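K.L.:
Listed in order, the protein sequences are those of chains V and D.
Going left to right, the first sequence walks through residues -14 to 384 as our numbering numbers them.
Going left to right, the second sequence walks through residues -14 to 384 as our numbering numbers them.
Every residue, glycine too, gets a C-beta built ideally from N, C-alpha and C.
Since the model is a prediction, treat every value here as computed from it, not as a measurement.
Take this structure first; my questions come after.
2 protein chains.
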Amino acid sequence: MGLRLLVGQSGGPTAVMNSSLLGVIEAARASPAITAIYGAVDGVEGLLEGQVIDLGRESPTTLRALGRTPAAALGSCRYKLAPGDPDRVLDRLRRLGVDLFVYIGGNDSADTAHLLAERARQTGQELRVIAVPKTIDNDLPITDHCPGYGSIARFVAIALQDAGRDTEAMHRVDPIKIIEVMGRNAGWVAAASTLGKRDPRDPPHLVYLPERPLDLDCFLAEVEATYRRYGHAVIVVSETVRGSDGKLIGAEEEREIRDSFGHHRLVEPARRLALLVEKHLKLRARYDRPGTIQRMSTPCQSETDLIEAYEAGRHAVTALLDGETDRMVILIRPPGPTYRCTYGLAPLAEIANHEKRLPPAFFPEGEAMPTKAFRDYAEPLLGGPLPEYTRLQRFFLTL
Amino acid sequence: MGLRLLVGQSGGPTAVMNSSLLGVIEAARASPAITAIYGAVDGVEGLLEGQVIDLGRESPTTLRALGRTPAAALGSCRYKLAPGDPDRVLDRLRRLGVDLFVYIGGNDSADTAHLLAERARQTGQELRVIAVPKTIDNDLPITDHCPGYGSIARFVAIALQDAGRDTEAMHRVDPIKIIEVMGRNAGWVAAASTLGKRDPRDPPHLVYLPERPLDLDCFLAEVEATYRRYGHAVIVVSETVRGSDGKLIGAEEEREIRDSFGHHRLVEPARRLALLVEKHLKLRARYDRPGTIQRMSTPCQSETDLIEAYEAGRHAVTALLDGETDRMVILIRPPGPTYRCTYGLAPLAEIANHEKRLPPAFFPEGEAMPTKAFRDYAEPLLGGPLPEYTRLQRFFLTL
């Protein structure tokens, strides 16, 4: 009797999360040991409700387009298992005859997967659980990087050059621009916004990370100094940047809503800082808030990211067939002059609920920009060169 | 003695505005009659200050990359000529020996170009003036469409599918998403956000245009009905949508700042509507505000738009050499089954300060979505096919 595999997707989606799903499906289809491939609709939340589909019946046409379709084709959730839920999930899986469970997600999903694996072990249920990393935040420990990060990094690196050129051209009208980028408690995305910078004049001129408190007086002084130097200023701010008081900037004036994992939801630091600049510096400021567009951009899907997401999905199935459980697939960068990526496993207990912040070696305290070490780390993940930009040399006539 | 040409850029930049600049420079270089090519830094505002550069000295390397670099390489402005300014500009041009003036811009810039051409005629100055259309708003009359529109149309068409898939996947967490798109008093960009829609489930589900008042009670009812039907709702709102009272939505609570042409600056309708949805429908709502990123996206530059912007620039030089003045280059779509674009001229007086709204034939009052006629109009401007997306067919297991 064959093995039955169930796969689910969880957490905020990415531009390449379905590539991992495709990797799981194709590896499972290729294995003679696996006789059924099921999908949980909307992660464990749908699974608890019994919403399960037969992925084995999906057409080749659908699967062909799946790998490049952004977001989570199975549907996602942010559901924190309540007491009793692990047993309910395990009961569902037992009744479906599921032996193998793949959960594609980030920190919170690793926590869910770990609880299920642990409970199965405690109760003696024959269930193996492997998580596939997915997060634009790039904040999972142990793994070199996370599928989803390369694509959002590509988006923000290009968007900053694009929107920054806009501000440079419009410096007489709107000299200050603040762009709000994602990144929950970690500045990986904010740091990536500098990857298109080739020249001190290039944007961004200032970058504010969640790792460091943003003092509003210092901020205003830095914006003013940048404006005086370049005639305009382009500023990147992480959506979870905190003030000297430890509070999220742009949340304190508004409602604070938290989701079931305790994360803040409506924070608008760019808006708050733009209003502050207008009030105190008397300079016209715009803000851009690309929101979910940044994590989902089809035109900015990194080819490297797509491939690695796919391979991480395949590796999860290989690991399950090897008898592994309670682990997450990790991406490993072998040393050497040329970028390569291999795949391994790490215990979920060491992943779940741990956050990997941007290390000081990549963006030292007191420095304005990330280091060359960060650039060497991040550039290969972009999946190809960035667009080329030029500036006129501007040979002024003396009138 | 040869002719001297001066070119300037004005108004909000676009992703292809430098392609027009390159067209002007290359056509001028190719003409034996033109012996000098100057650039006004920051449009007429810089010109009034005497900031003029010699474009003839720019290197081939710079010019090669110029055509695909977004924004305005000369710098731009939003400067309304004050009494006396036309004479000051004409004096500058006379002292520079400039005979030919090309101004790349939108409605306001056409107004400036017209005032200068008119004043030159009145004072007998030998100056010919041609405007090159540029505006993501696509709101210039007479011309079939405006360079810059095809690229922003491509951006919003893709961004809606991308961000909409995000909401569909996350319907249990944030079921409502409002995306704010550009478009000053005209719904051309908002309408383009539907160009990737292939299925009623596809985003956007609701589109709100500046051409029609948005009644807040109707809005809430429409959002709720959409949510009940699809489990989520993706809504596009134009940044200049007005309420039943005629006031800009999302501006009334905040400061109202106007620029020198009298246009509002800080309006945040998506934010306002998202807060309204949360308050009245008790549904969690997100908003994305791509801001200037949407008009400047290098990855979404339409190849058609790049070529047409370039040719419009070339055509301006041809027209000047033919002795034309006080005209704007227009794009003409010859009838026939295959899209083609030719170039002509229209009097600036018929362009300046006129706005072309989205016609009812493209988006009839009372209809939820634009017509096939709009799609036939807009699709060729996108410069190529949009990404392919798929959905799982979802064969549910009966548990």
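1. Just to confirm my understanding: we take Pro68(D), look at its own chain, exclude 5 residues before and 5 after, and list those with CB closer than 8 Å. What are they?
2. Give the residues from the stretch 13 to 36 of chain D that approach chain V closer than 8 Å (Cβ to any Cβ), ordered along the chain.
3. Who pairs with Leu191(D) in a beta bridge, going by DSSP?
4. Taking the alpha carbon of Leu66(D) as the reference point, which residue from Leu33(D), Leu(-10)(D), Ile10(D) has its own alpha carbon closest?
5. Spatial neighbours of Asp200(V) within its chain, please: C-beta separation below 8 Å, excluding the five flanking residues on both sides.
6. Mapping the DSSP letters down to three states, classify Val262(D) as helix, strand or coil.
7. If you measure from the beta carbon of Gly298(D) to each beta carbon in chain V, is any gap under 8 Å?
8. What residues match up with Thr166(D) in a beta bridge as DSSP calls it?
9. Taking 8 Å as the CB-CB cut-off, is Asp70(V) touching chain D?
10. Within 10 angstroms of the Cβ of Phe347(D), are there 16 or more other Cβ atoms? Answer buried if so, exposed if not.
11. Give the DSSP-derived three-state secondary structure of Leu(-12)(D) in the structure shown.
12. Measure how close the beta-carbons of Arg169(V) and Asp129(V) come, nearest whole angstrom, since I'm counting them as under 8 Å.
13. Can you grab the Cα-Cα spacing for the pair Thr179(V) / Arg79(D), in whole Å?
14. Comparing C-alpha positions only, which one of Gly60(D), Leu48(D), Ile10(D), Ala116(D) sits nearest to Asp311(D)?
15. Indicate whether at least one CB of chain D lies closer than 8 Å to the CB of Arg271(V).
16. Let me make sure I understand the geometry here. Which of Ala15(D), Ile89(D), Arg379(D), Ala337(D) has the alpha-carbon closest to that of His99(D)?
17. Rounded to a whole number of angstroms, what is the C-alpha to C-alpha distance between Leu(-12)(V) and Ala18(V)?
18. Keeping to the same chain, check which residues put their C-beta closer than 7 Å to that of Ala142(V); ignore five residues upstream and five downstream.
19. Can you list the beta strand (DSSP E) stretches of 3 or more residues lying completely in the stretch 94 to 170 of chain D, in chain order?
20. Would you list, in sequence order, the uninterrupted alpha helix (DSSP H) runs of no fewer than 4 residues that lie entirely inside the stretch 23 to 52 of chain D?
21. Helix, strand or coil for Thr179(V)? Go by DSSP, reduced to three states.
22. Would Thr383(V) be called buried (16 or more neighbouring beta carbons within 10 Å of its own) or exposed?
23. So Phe204(V) is in the alpha helix (DSSP H); what residue range does that whole segment cover?
24. Could you pull out every residue in the same chain whose Cβ sits closer than 6 Å to the Cβ of Cys131(V), ignoring the five residues on either side in sequence?
25. Reducing DSSP to helix, strand and coil, say where Arg376(D) ends up.
26. Which stretch, first to last residue, makes up the beta strand (DSSP E) that contains Ile89(D)?
27. In the structure shown, what three-state DSSP assignment does Leu66(D) receive?
28. Would you call the stretch 146 to 153 of chain D and the stretch 322 to 335 of chain D touching, i.e. three or more CB-CB distances under 8 Å?
29. Quick check on Ala148(V) - is its C-beta less than 8 Å from some C-beta in chain D?
30. Could you give the first and the last residue of the continuous alpha helix (DSSP H) run that contains Thr289(D)?
31. At 7 Å on the CB atoms, spell out the chain V contacts of Met394(D), in chain order.
32. Find the residues of chain D that neighbour Ala50(V), judging by a C-beta separation of less than 8 Å, and give them in chain order.
P.N.:
Well, looking at it:
1. none
2. Tyr23, Gly24, Val26, Asp27, Glu30, Gly35, Gln36
3. Ile220(D)
4. Leu33(D)
5. Gly228, Ser229
6. helix
7. no
8. Checking the sequence shown, residue 166(D) turns out to be Val, not Thr. Looking at the DSSP assignment, Val166(D) forms a beta bridge with Ser223(D).
9. no
10. buried
11. strand
12. Contact flag wrong, Cβ pair sits at about 19 Å.
13. 44 Å
14. Ala116(D)
15. yes
16. Ala337(D)
17. 6 Å
18. Ala177, Ser178, Leu180, Gly181, Leu367, Leu371
19. 113 to 118, 161 to 166
20. 28 to 33, 45 to 51
21. coil
22. exposed
23. 201 to 215
24. Pro118, Thr120, Asn123, Leu125
25. coil
26. 85 to 90
27. coil
28. no
29. yes
30. 288 to 306
31. Outside the displayed span of chain D (-14 to 384) sits residue 394(D), for which this structure offers no information.
32. Glu373, Tyr374, Thr375
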